[in-house]
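A short worksheet on the structure shown next.
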Amino acid sequence: GEFQIGVMRVDGSGERILSTGFQQEGPTWAPNGRVLMFFRDSAGGPKLVSVDLTGRNEQSIPTSNFASDPAWSPLL
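In this text, residue positions in the sequence shown follow this note's numbering: the first is 520, and each later residue adds one.
Below, the structure written as structure tokens:
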């Protein structure tokens, strides 16, 4: 089946699906609260993906090898 990454208000209203696909998991918020990053295993192989709160600006994040369980850190 398909997995969905989405957001909603704390009262359960305003559900918005940001991304749909096979095996998407581990979403984590950017420190600014405007971007989610998550793991996706697709036909092109496993990768990290970021998407903004509109769901329109999805980007693959380049990694040197297999990556999962994304986490954010401050810029140094």
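Even glycine gets a Cβ: it sits at the ideal position worked out from N, Cα and C.
Given the structure is predicted, the values throughout are model-derived calculations rather than measurements.
If you ignore the 5 residues before and after GLY525, its C-beta comes within less than 7 Å of the C-beta of GLU534, ARG535, ILE536, LEU537, all in its own chain and listed in chain order. Under DSSP, THR539 forms a beta bridge with GLN523.
A direct Cα-Cα distance of roughly 9 Å separates ALA562 from PHE541.
When only Cα atoms are considered, SER579 and ASP530 end up about 31 Å apart. Within 10 angstroms of the beta-carbon of PHE558 lie 16 or more other beta-carbons, which makes it buried.
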